[in-house]
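Following: one structure in structure tokens, then a few remarks.
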Amino acid sequence: MADEQRATLAILGAGPVGLEAALVAARLKIDFIWLERGQAGEHLNRWGHLQTHAPLRTLVSEIGLEELHKAGVEEFMSPLDELATGRSWRDGYLSLLLETPLLLGKLQKSVEAIAAGRDNRLREDPRKPKEPLGPFRIFTRGPDNKERHCLANAVIDCTGVLSTPRPFGMSGLPVPGEASCRDRISYMVEDIMGADKKKYANRTVLVVGAGISAATAVNQLVAMAKENEATWIVWLARGSGSLPVRRIPQDPLKGRDALAASANHIASRGEGNVEFHHGAWVDRLENEGQDKPVKVTALVNGKELSWDVDRILSLCGYQPSRLLNRELRMPWETTLDLPPTGIESREQDLSPGPSGEEPGWYVLGSKSYGRASGFEVKTGFRQVRAVMAEILRVRPQEIAKRLAA
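Residue 775 is where the sequence shown starts when you use my numbering, and the numbers rise one by one after that.
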């Protein structure tokens, strides 16, 4: 047999929820394999310049703080009561936890889980009711493209959604010409006012989307245009209203609500070198050559309009990839791309998707919410505890008791 790793549990991903899963598993003395395709908290670092609009205290767990206290590294933590950025969350919490005795050396970095299936079975093989199905087999690729298999009785998939941005063309499909313009497109809010300023200052920028990411980008670009007057923003939103960003009633995150309100004001007043269009779909892109603008053509309320732009921000949200579990029986909910979490819970926030057919395979974190954007990290922490109760076949209250011991 090829070189194989075996464990009771495999944890895929080392973001906030994956790290919490590893913490809880280690505390409960469950043997586990922990894989991360890049570095721990890599997606947090990608938007490290942006605020979360929430204090760090609301983004960490009690057992995480306990382990940092035991290790004597609390002084290196980011301030708990200050608004966190992606970078302060990663560097001042996640990265510190990786160096604690409980987790030191546990994470296998730069190892990607490519595909998974049931050991010695194909997806289409007949199954008998209550038949033992055996462990999961996971195909991985690590540094230097080294490939191997690992086996685990249970798997927690915390791989998230940020690696699969949604296309910004008509009907949710890629825009014709998008691939040839990829070097001009960002699918996240870059560091517009800092490291990436040269890409945006005195440039014409297309922003596509109507969520908080789009609101963030538009606000920053408008601020830039006050100092760099040749900066011009074309903002396209699919909806029909003149106030594109949906505000959450009594939003507990005041900074988030302020961004939404400001962006809506910009859209309705057309202030700050902004041209806003609702009812818009991007129809095609034309790459006119290096160092030349991209020609963007869109249908705006049925009328064709075109612009020459230097940079495109496609901020249309994310969707989960199905590639990892394509050899498993995963009945996804079709409207919001909700996978079965595998958690047997009546609490909608813990298990928003359909019932699963693969006992022992759990999808947690932002991926469990599919295309929906309402996931909160504390929900992920609760998901972790629910899963550990199922793995150990105890009541959730017993997990809380063991973690407190």
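Ideal Cβ placement from N, Cα and C applies to all residues, glycine included.
- Message: I'd like the span of the beta strand (DSSP E) that includes residue 923, first residue to last.
- Response: Taking the sequence shown and counting its residues from 1, one reaches residue 923 at position 149. Per DSSP, residue 923 belongs to the beta strand (DSSP E) from 921 to 931.
- Out of 892, 942, 1164, 857, which has the shortest C-alpha to C-alpha gap to residue 1093? Counting from 1 along the sequence shown, the entry for residue 1093 is found at position 319. Residue 1093 has its Cα closest to that of 942, out of 892, 942, 1164, 857.
- Leaving out five residues before and five after residue 1146 in sequence, what residues of the same chain have Cβ atoms less than 6 angstroms from its Cβ? In the sequence shown, residue 1146 corresponds to position 372, counting from 1. These residues qualify, in order along the chain: 1110.
- Separation of residue 846 from residue 856, as counted between CA atoms: Reading the sequence shown from its first residue, position 82 is the one you call residue 856. Reading the sequence shown from its first residue, position 72 is the one you call residue 846. Residue 856 and residue 846: Cα-Cα distance of roughly 21 angstroms.
- Item | Residue ranges of each alpha helix (DSSP H) within the region 865 to 921, 4 or longer | 869 to 872
- Item | Whole-angstrom C-beta distance between residue 1073 and residue 1055, which should lie under 8 angstroms | By one-based count along the sequence shown, residue 1055 stands at place 281. By one-based count along the sequence shown, residue 1073 stands at place 299. With a Cβ gap of about 5 angstroms, residue 1055 and residue 1073 count as contacting.
- Tell me whether residue 1003 counts as near the ligand PLP, meaning its Cβ is closer than 6 angstroms to at least one heavy atom of that ligand. Ligands displayed in this structure: none; no statement on the ligand PLP is therefore possible.
- Message: Taking its Cβ as the centre, do 16 or more other Cβ atoms sit within 10 Å of residue 931, making it buried, or is it exposed?
- Response: Stepping through the sequence shown from its first residue, residue 931 is reached at position 157. The residue is buried, with at least 16 neighbouring Cβ atoms inside 10 Å.
- Query: Which value, in whole angstroms, describes the spacing of the CA atoms of residue 1086 and residue 945?
  - Reply: Within the sequence shown, numbered from 1, the residue matching residue 1086 stands at position 312. Within the sequence shown, numbered from 1, the residue matching residue 945 stands at position 171. Cα to Cα, residue 1086 sits roughly 19 angstroms from residue 945.
- Query: Going along the chain, which unbroken runs of the beta strand (DSSP E) with 3 or more residues stay wholly within the region 1056 to 1088?
  - Reply: 1068 to 1074, 1077 to 1083, 1085 to 1088
- Message: Report the CB separation of residue 796 from residue 880 in whole angstroms; it is logged as a contact under 8 angstroms.
- Response: Within the sequence shown, numbered from 1, the residue matching residue 796 stands at position 22. Within the sequence shown, numbered from 1, the residue matching residue 880 stands at position 106. The pair is a contact, with the Cβ atoms about 6 angstroms apart (cut-off 8 angstroms).
- DSSP state of residue 790 mapped onto helix, strand, coil: Start at 1 with the first residue of the sequence shown, and residue 790 comes out as number 16. Helix.
- Item | Validate contact between the region 1061 to 1068 and the region 1035 to 1047 using beta carbons, cut 8 angstroms, 3 pairs | no
- Could you tell me the boundaries of the beta strand (DSSP E) in which residue 832 lies? Along the sequence shown, one-based indexing puts residue 832 at 58. Run containing residue 832: none; DSSP gives neither H nor E here.
- Span of the alpha helix (DSSP H) around residue 1153: Locating residue 1153 in the sequence shown gives position 379, where the first residue counts as 1. Taken as a continuous stretch (DSSP letters only), the alpha helix (DSSP H) holding residue 1153 covers 1151 to 1166.
- Pull up the distance between the alpha-carbon of residue 887 and that of residue 808, whole angstroms please. Translated into the one-based positions of the sequence shown, residue 887 becomes position 113. Translated into the one-based positions of the sequence shown, residue 808 becomes position 34. Distance between the alpha carbons of residue 887 and residue 808: 10 angstroms.
- Message: Which same chain residues end up closer than 8 angstroms to residue 778 when comparing Cβ atoms and leaving out the 5 residues on each side of it in sequence?
- Response: Working through the sequence shown from its first residue, we reach residue 778 at position 4. The answer, listed in chain order, is 922, 923, 924, 925.
- Query: With respect to the alpha helix (DSSP H) encompassing residue 1049, which residues constitute its N-terminal and C-terminal limits?
  - Reply: Counting from 1 along the sequence shown, the entry for residue 1049 is found at position 275. Residue 1049 -> not in any alpha helix (DSSP H); beta strand (DSSP E) instead, spanning 1048 to 1051.
- Query: Pick from 825, 806, 974: whose alpha carbon is nearest that of residue 1030?
  - Reply: By one-based count along the sequence shown, residue 1030 stands at place 256. Of the listed residues, the one whose Cα sits closest to residue 1030 is 825.
- Query: With distances taken from CA atoms, which of 810, 976, 1164 is nearest residue 872?
  - Reply: As a working mapping, residue 872 is identified with position 98 in the sequence shown. Out of 810, 976, 1164, 810 has the C-alpha closest to the C-alpha of residue 872.
- Message: On a Cα-Cα basis, can you pick out the residue from 1143, 901, 1103, 1026 that is closest to residue 1122?
- Response: As a first step, residue 1122 is located in the sequence shown; it is residue number 348 there, counting from the start. When each option's Cα is compared against that of residue 1122, the closest is 1143.
- So what does DSSP say about residue 823, is it helix, strand or coil? The residue labelled residue 823 in the question sits at position 49 within the sequence shown. The answer is coil: DSSP assigns residue 823 none of H, G, I, E or B.
- Assuming residue 981 contacts residue 1007 under a Cβ cut-off of 8 angstroms, what Cβ separation, rounded to an integer in Å, is found between them? Locating residue 981 in the sequence shown gives position 207, counting from the first residue. Locating residue 1007 in the sequence shown gives position 233, counting from the first residue. 6 angstroms between Cβ atoms; contact.
- Task: Taking 8 angstroms as the threshold, find out whether the region 1021 to 1028 comes into contact with the region 989 to 999 through three or more Cβ pairs.
- Result: no
- Query: Would you call residue 1099 buried or exposed, if buried means 16 or more other Cβ atoms sit within 10 Å of its Cβ?
  - Reply: The residue given as residue 1099 occupies position 325 in the sequence shown. Counting Cβ neighbours within 10 Å, residue 1099 comes out buried, since at least 16 surround it.
- Task: Using DSSP bridges, identify the partner residues of residue 812.
- Result: Within the sequence shown, residue 812 is the residue found at index 38, counting from 1. Answer by DSSP bridge pairing: none, since residue 812 is not bridged.
- Item | Three-way DSSP call (helix, strand, coil) for residue 850 in this model | Translated into the one-based positions of the sequence shown, residue 850 becomes position 76. Three-state DSSP puts residue 850 in a helix.
- Message: Just to confirm, is the Cβ distance from residue 961 to residue 1088 under 7 angstroms?
- Response: As a working mapping, residue 961 is identified with position 187 in the sequence shown. As a working mapping, residue 1088 is identified with position 314 in the sequence shown. For residue 961 and residue 1088, yes; Cβs fall inside 7 angstroms.
- Secondary structure at residue 1174, three-state DSSP: helix, strand or coil? Walking along the sequence shown from the start, residue 1174 turns up at place 400. Three-state result, residue 1174: helix.
- Message: For a quick check, are the C-beta atoms of residue 1183 and residue 791 less than 7 angstroms apart?
- Response: Beyond the ends of the chain as shown, which are 775 and 1179, falls residue 1183; an answer cannot be given.
- Message: Taking the alpha-carbon of residue 842 as reference, which of 818, 867, 860, 829 has the nearest alpha-carbon?
- Response: Counted from its first residue, the sequence shown places residue 842 at position 68. Cα-wise, what sits closest to residue 842 is 867.
- Message: If you reduce the DSSP assignment to three classes, tell me which class residue 996 lands in.
- Response: Here residue 996 refers to the residue found at position 222 of the sequence shown. Three-state DSSP puts residue 996 in a helix.
- Item | Top-ranked residue by Cα proximity to residue 1097, from 878, 851, 891 | To locate residue 1097, count along the sequence shown from 1; it is residue 323. It is 891 whose Cα lies nearest to the Cα of residue 1097.
- Query: If we ignore side chains and look at the alpha-carbon of each, how far apart do residue 1201 and residue 806 end up?
  - Reply: A query on residue 1201 cannot be resolved here, the shown segment of the chain reaching from 775 to 1179 and no further.
- Message: Let me check one thing: in DSSP terms, what residues is residue 978 bridge-paired to?
- Response: Within the sequence shown, the letter at position 204 stands for residue 978. DSSP lists 1006 as partners of residue 978.
- Query: For the alpha helix (DSSP H) that contains residue 1033, what are its first and last residues?
  - Reply: Reading the sequence shown from its first residue, position 259 is the one you call residue 1033. Here the alpha helix (DSSP H) through residue 1033 covers 1028 to 1043.
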